[in-house]
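Undergrad:
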Amino acid sequence: MASHRHPMGAWSPDSKSHVAHMDGDDFYGSEQSHVVPFDIKESSTHKDAGVVRIEFVSEDGSTKILKNKTPLQPGEVIDASKMDVAALRDFYKQEIDDAKDKGVLFSLHLKATMMKVSDPIMFGHCVEVFYRDTFAKHAEFVKEHQVDATKGLGDFYAKLEACGDAQLKEQISNELEECLKNCDHVRPPLAMVDSDRGVTNLHVPSDIIIDASMPAALRESGKMWGPDGELADTKYVIPDRSYATSYKKVVEHCIEHGAFDPSTMGAVSNVGLMAQKAQEYGSHDKTFEAPAQGSIRVVARDTGEVLMEHNVKQGDIWRMCQTKDSPIQDWVRLAVARARATESPAIFWLDATRAHDANLIQKVETYLKDHDTTGLDIRIMAPEHAMEETLMRSRKGLDTVSVTGNVLRDYLTDLFPILELGTSAKMLSIVPLLAGGGLFETGAGGSAPKHVQQLQASNHLRWDSLGEFLALAVSIEDLAEKTSNAKAAVVADALNDGIGKLLAENKSPKRKPGLLDNRGSHFYLALYWADAMANQVKAPELAAKFAPAAALLAANEERILEELAVGSHAPADIGGYYKVDAAKADEVMRPSQTLNAIIDSLRNDSVFIDDADPIARAA
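Position in the sequence shown (first residue = 1) + 614 = this note's numbering.
Okay, here's the thing in structure tokens:
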């Protein structure tokens, strides 16, 4: 596919930006893992065979059930780990002081929106440590007004706003602002969410989300915005080593080798282990804050055997994750299929020194034997080494398939699309379903409310449908492969060619009214797709079918663009915001009668369906 150039900040070899993580007492270092025997159901007649409970045992031996029943499947991998919060707070203090010494911004990167239990707690500890003088001095206010640090500094301000003591309110506010502005010379400046409004990345836990914030910083020369409204080198604090080392490697790589060139860099696709709430993203109902000193353990309900156990102190964060065997088998199958389809190396990002990953490696090596891997380049590498290999290949213009667990899937499917395309809203995610179907997901841009508002206000839709175009292409490819439909493959190839030309000609939607928007981008895709169909030689009958449409689209380009631009800058009535009126929306989105007539001439004609193929015909 054609390259796609977008702004990418230059990196200095003298950059002081870096990733900081704990060296011990984190989830990574404390992880224990257990594989459920395949004969768990046959080896016991107990009704609770294959069911575990999670319990806290206090120092006096008393037991408190934290979660009574968690059913497990044969072959399932379970793991448990803890975050030592005393060590976490020491780590925060050390890194805050180091950021001050190095003259860089301090920035915490977690994912509180997904890790809904553990990460807000970790976020809250950072808020308390950074503002420890204020929290200690006004401990009575914090307690009386129930200031909740897990909600960020914003909760402190909210409680101050509601405070009836104007003098105390002003005093504490000034202290917080002084710390923020670095006027007391004991704290580093914080990275900002909004410098103009004074919103730091410690204000709200959901404001800085690691999978979006880190790629954005990488595009800005490894810098973030400071309180002075200027970009500055930054200390990226990612406490747990499970995934921090991957980002650390990216930052170090860019300092050594410079920024990536989006027009030449290779693509990185992903096969993710995500089915049935795999790994950390399914751990919310099994994550706990230790109520006191003691231990938290996982116990088999039928035998009483302790499968995993951690000593904890009050406030430590403990969690258990599950990864079922069937998704692992399918994950391996998909990795092999993707490696063969792309003719690119497929790298499993697994760390043999991490308990959970060590068990996955055994399963991967076992299940790879079930597939024909002749001629394929399939490797298993620790995440930091996999990242370095992938980055070096990408820098050389070589494509790589990343085969990862659920969290890295989430992180990498933002990281590489943002580096390659400038935004993850243009990304494509392919999720093959266990029963044989496929989910072709487009975009990571959320509901894009500003796009809808701009359409209603000025009849300009800047949403980029590249993700939808890609999803359509691979869905047709999937149809072609599963039904052995050669004509469908031709259509998919032509669509990919059309998308490539769309990117090369920079026909993506622009932000401002009066310029090309989503409708114009669709026109150009139709033009380039039809042209590719007309000029391909694998299916002459399809070429003949599309040649007239391609000629008409090209001949009427200026007229169609003029018709699409009618009504620009004026309000557009689509009959609603969340639920639009279909007829009104159709009128707004298809304003060119010339384009409509050409497209309609191709409608309702299954030109790429083989008459002898009932499955494809039905599809």
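Note that the Cβ used here is the ideal one computed from N, Cα and C, for glycine as well.
Which residue spans inside the stretch 852 to 886 form an unbroken alpha helix (DSSP H) run of at least 4?
TA: Within the stretch 852 to 886, the complete alpha helix (DSSP H) runs of at least 4 residues are 855 to 871.
Undergrad: Ends of the alpha helix (DSSP H) at Leu-774?
TA: Taking the first residue of the sequence shown as 1, we reach residue 774 at position 160. Counting along the chain, the alpha helix (DSSP H) containing Leu-774 begins and ends at 767 to 775.
Undergrad: Determine the direct distance from the alpha carbon of Ile-942 to that of Lys-1115, and round the result to whole angstroms.
TA: Looking up residue 1115 in the sequence shown gives position 501. Looking up residue 942 in the sequence shown gives position 328. Between Lys-1115 and Ile-942, the C-alpha separation is close to 37 Å.
Undergrad: Within 10 Å of its beta-carbon, does Phe-705 have 16 or more other beta-carbons around it, so buried, or fewer, so exposed?
TA: For the purposes of this step, residue 705 is taken as residue 91 along the sequence shown, with counting starting at 1. It counts as buried.
Undergrad: CA-CA distance, Asp-854 and Asp-639?
TA: Taking the first residue of the sequence shown as position 1, residue 854 is located at position 240. Taking the first residue of the sequence shown as position 1, residue 639 is located at position 25. Each residue's Cα considered, the two are about 9 Å apart.
Undergrad: Could you check how far apart the C-beta atoms of Leu-686 and Ile-679 are, in whole angstroms? I think they sit under 8 Å.
TA: By 1-based counting over the sequence shown, the position of residue 686 is 72. By 1-based counting over the sequence shown, the position of residue 679 is 65. No, Leu-686 and Ile-679 are not in contact; Cβ-Cβ is about 17 Å, not under 8 Å.
Undergrad: With DSSP as the reference, identify every bridge partner of Thr-693, one or two as the case may be.
TA: Taking the sequence shown and counting its residues from 1, one reaches residue 693 at position 79. In the sequence as presented, Thr is not what sits at residue 693; that position holds Asp. DSSP, once it has assigned bridges, lists Ser-647, Cys-935 as partnering Asp-693.
Undergrad: Note down, one range per segment and in chain order, each alpha helix (DSSP H) of at least 4 residues found wholly within the stretch 1158 to 1212.
TA: Entirely contained in the stretch 1158 to 1212, the alpha helix (DSSP H) runs reaching 4 residues are, in chain order, 1171 to 1179, 1196 to 1203.
Undergrad: Identify the continuous beta strand (DSSP E) that holds Arg-888 and give its terminal residues.
TA: As a position in the sequence shown, residue 888 is number 274, starting the count at 1. The question names Arg, but residue 888 in the sequence shown is Met. Where Met-888 is concerned, there is no enclosing beta strand (DSSP E), given that its DSSP letter is neither H nor E.
Undergrad: If you count every other CB in all the chains shown that lies within 10 Å of the CB of Asp-1131, and 16 or more means buried, which is it?
TA: Taking the sequence shown and counting its residues from 1, the one referred to as residue 1131 is at position 517. The residue in question, Asp-1131, is buried, as its Cβ has 16 or more Cβ neighbours within 10 Å.
Undergrad: How would you write the range of the alpha helix (DSSP H) that Asp-712 sits in, first residue to last?
TA: For this step, residue 712 is matched to residue 98 along the sequence shown. Residues 699 to 716.
Undergrad: So, Thr-901 versus Arg-933, is the Cβ gap smaller than 8 Å?
TA: In the sequence shown, residue 901 corresponds to position 287, counting from 1. In the sequence shown, residue 933 corresponds to position 319, counting from 1. Going by C-beta atoms, Thr-901 is nearer than 8 Å to Arg-933.
Undergrad: Among Ala-1199, Ala-1184, Asp-875, which one has its Cα closest to the Cα of Gly-1190?
TA: In the sequence shown, residue 1190 corresponds to position 576, counting from 1. Considering only alpha carbons, the answer is Ala-1199.
Undergrad: Starting from the Cα of Gly-929, find the closest Cα among Leu-982, Val-699, Ala-914 and give me that residue.
TA: On the sequence shown, position 315 is the one that residue 929 refers to. When each option's Cα is compared against that of Gly-929, the closest is Val-699.
Undergrad: To the nearest whole angstrom, what separates the beta carbons of His-817 and Gly-738, a pair I think is in contact under 8 Å?
TA: Here residue 817 corresponds to residue number 203 of the sequence shown, with the count starting at 1. Here residue 738 corresponds to residue number 124 of the sequence shown, with the count starting at 1. Not a contact, Cβ separation roughly 13 Å.
Undergrad: Determine the direct distance from the alpha carbon of Arg-947 to that of Lys-938, and round the result to whole angstroms.
TA: Taking the sequence shown and counting its residues from 1, the one referred to as residue 938 is at position 324. Taking the sequence shown and counting its residues from 1, the one referred to as residue 947 is at position 333. Going from the Cα of Lys-938 to the Cα of Arg-947 covers about 15 Å.
Undergrad: Helix, strand or coil, according to DSSP, for Ile-910 in the structure here?
TA: Along the sequence shown, one-based indexing puts residue 910 at 296. Of the three classes helix, strand and coil, the one that applies to Ile-910 here is strand, per DSSP.
Undergrad: Rounded to the nearest angstrom, what separates Gly-836 and Glu-1155 at their Cα positions?
TA: Position 222 of the sequence shown holds residue 836. Position 541 of the sequence shown holds residue 1155. Those two C-alpha atoms are separated by around 52 Å.
Undergrad: Taking all protein chains shown into account, do 16 or more other C-beta atoms lie within 10 angstroms of the C-beta of Glu-784, making it buried, or fewer, making it exposed?
TA: Your numbering for residue 784 matches position 170 in the sequence shown. It counts as exposed.
Undergrad: Looking at His-898 and Val-731, is the spacing between their C-beta atoms short of 8 Å?
TA: Position 117 of the sequence shown, counted from the start, is the residue given in the question as residue 731. Position 284 of the sequence shown, counted from the start, is the residue given in the question as residue 898. Yes. Within cutoff.
Undergrad: Do Tyr-857 and Leu-1026 have their beta-carbon atoms positioned less than 8 Å apart in this structure?
TA: As a first step, residue 1026 is located in the sequence shown; it is residue number 412 there, counting from the start. As a first step, residue 857 is located in the sequence shown; it is residue number 243 there, counting from the start. Against a cut-off of 8 Å, the Cβ pair of Tyr-857 and Leu-1026 comes out as no contact.
Undergrad: Using a Cβ cut-off of 8 Å (strictly closer), state whether Ala-1049 contacts chain C.
TA: No chain C appears in the structure shown, which is made up of a single protein chain.
Undergrad: I believe Thr-1018 touches Gly-886 by the beta-carbon criterion, under 8 Å. Please report the beta-carbon distance rounded to the nearest angstrom.
TA: Residue numbering aside, residue 1018 sits at position 404 when the sequence shown is read from its first letter. Residue numbering aside, residue 886 sits at position 272 when the sequence shown is read from its first letter. Contact flag correct, Cβ pair sits at about 6 Å.
Undergrad: Would you give the residue range spanned by the beta strand (DSSP E) that Leu-923 belongs to?
TA: On the sequence shown, position 309 is the one that residue 923 refers to. Sequence check: residue 923 is Glu here, not Leu. Residues 920 to 926.
Undergrad: Given that a residue counts as buried once 16 or more other Cβ atoms are within 10 Å of its Cβ, and exposed if not, what is Asn-1149?
TA: On the sequence shown, residue 1149 is found 535 positions in, with the first residue counted as 1. With fewer than 16 Cβ atoms within 10 Å of its Cβ, Asn-1149 is classed as exposed.
Undergrad: Exposed or buried, what is Tyr-1192 when buried is set at 16 or more other beta-carbons lying within 10 Å of its beta-carbon?
TA: As a position in the sequence shown, residue 1192 is number 578, starting the count at 1. Per the 10 Å Cβ criterion, exposed.
Undergrad: State the start and end residues of the unbroken beta strand (DSSP E) segment that holds Lys-683.
TA: By one-based count along the sequence shown, residue 683 stands at place 69. Lys-683 -> beta strand (DSSP E) spans 677 to 685.
Undergrad: Between Ala-1164, Asn-1210, Ile-1212, Met-697, which has its C-alpha nearest His-924's C-alpha?
TA: Along the sequence shown, one-based indexing puts residue 924 at 310. Cα-wise, what sits closest to His-924 is Met-697.
Undergrad: What span of residues does the alpha helix (DSSP H) with Ile-1113 cover, start to end?
TA: Position 499 of the sequence shown, counted from the first residue, corresponds to residue 1113. First-last of the alpha helix (DSSP H) with Ile-1113: 1100 to 1118.
Undergrad: Taking buried to mean at least 16 other C-beta atoms within 10 Å of its own C-beta, is Asn-788 buried or exposed?
TA: If you number the sequence shown from 1, residue 788 lands on position 174. Counting Cβ neighbours within 10 Å, Asn-788 comes out exposed, since fewer than 16 surround it.
Undergrad: Within the same chain, show all residues whose beta-carbon is closer than 7 Å to that of Val-633, passing over the 5 residues directly before and after it, in chain order.
TA: As a working mapping, residue 633 is identified with position 19 in the sequence shown. Around Val-633: Tyr-850, Ile-852, Ala-858, Tyr-861, Lys-862, Val-865.
Undergrad: Under the three-state reduction of DSSP, which class applies to Ser-672: helix, strand or coil?
TA: Stepping through the sequence shown from its first residue, residue 672 is reached at position 58. Strand at Ser-672.
Undergrad: If you reduce the DSSP assignment to three classes, tell me which class Ile-735 lands in.
TA: Residue numbering aside, residue 735 sits at position 121 when the sequence shown is read from its first letter. If DSSP states are grouped into helix, strand and coil, Ile-735 belongs with the helices.
Undergrad: Give the C-beta separation of Ala-1140 and Ile-1213 to the nearest angstrom, bearing in mind that I take them to be a contact with Cβ-Cβ under 8 Å.
TA: For this step, residue 1140 is matched to residue 526 along the sequence shown. For this step, residue 1213 is matched to residue 599 along the sequence shown. Sure, about 7 Å apart at Cβ, within 8 Å.
Undergrad: For Gly-918, count neighbouring Cβ atoms within 10 angstroms of its own Cβ and tell me buried if that reaches 16, exposed if not.
TA: If you number the sequence shown from 1, residue 918 lands on position 304. Gly-918 should be labelled exposed.
Undergrad: Helix, strand or coil, according to DSSP, for His-632 in the structure here?
TA: Position 18 of the sequence shown holds residue 632. Three-state result, His-632: strand.
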